[in-house]
Amino acid sequence: MSQFRARPPAVPTLLLDDAMVRVTRWDFEPGADTGHHVHGLGYVVVPMTDCHFLIEEETGERRVFTAAGAVYRREAGVAHNVVNGGDAPMSFIEIEYK
């Protein structure tokens, strides 16, 4: 895999990691992405801003708008790349449960 990225990376900030949960704040400038990853744990996402997600998955890509504060949950095993598909910075908190 190339060491070069076409997009700027999203910035993770670890807020808490204990026996119960791992809490990470993710900050994205427009066009930034997480890089492709597979979630090893179930998780909850709490958008801190309105989020214009571009989700890249094996089956293709999709755009999802999630308003600030509109919490959602996913099971372990989700595989994707998350991109800020909007024109403003976006942030969310991810809570992984162990």
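Under this note's numbering, the residues of the sequence shown are numbered 1 to 98, in order. For every residue, glycine included, the Cβ atom is placed at its ideal position computed from N, Cα and C.
Rounded to whole angstroms, the gap between the alpha carbons of LEU16 and ASN81 is 23 angstroms. Linking GLU61 to VAL83 through their CA atoms gives a straight-line distance of about 10 angstroms.
Taken through DSSP and simplified to helix, strand or coil, GLU61 comes out as strand. Under the DSSP definition of a beta bridge, THR24 partners with LEU14, GLU94. Rounded to whole angstroms, the gap between the alpha carbons of THR13 and VAL46 is 14 angstroms. Within the same chain, GLU96 come within 6 angstroms of ARG22 by CB-CB distance, once the 5 residues on both sides are set aside.
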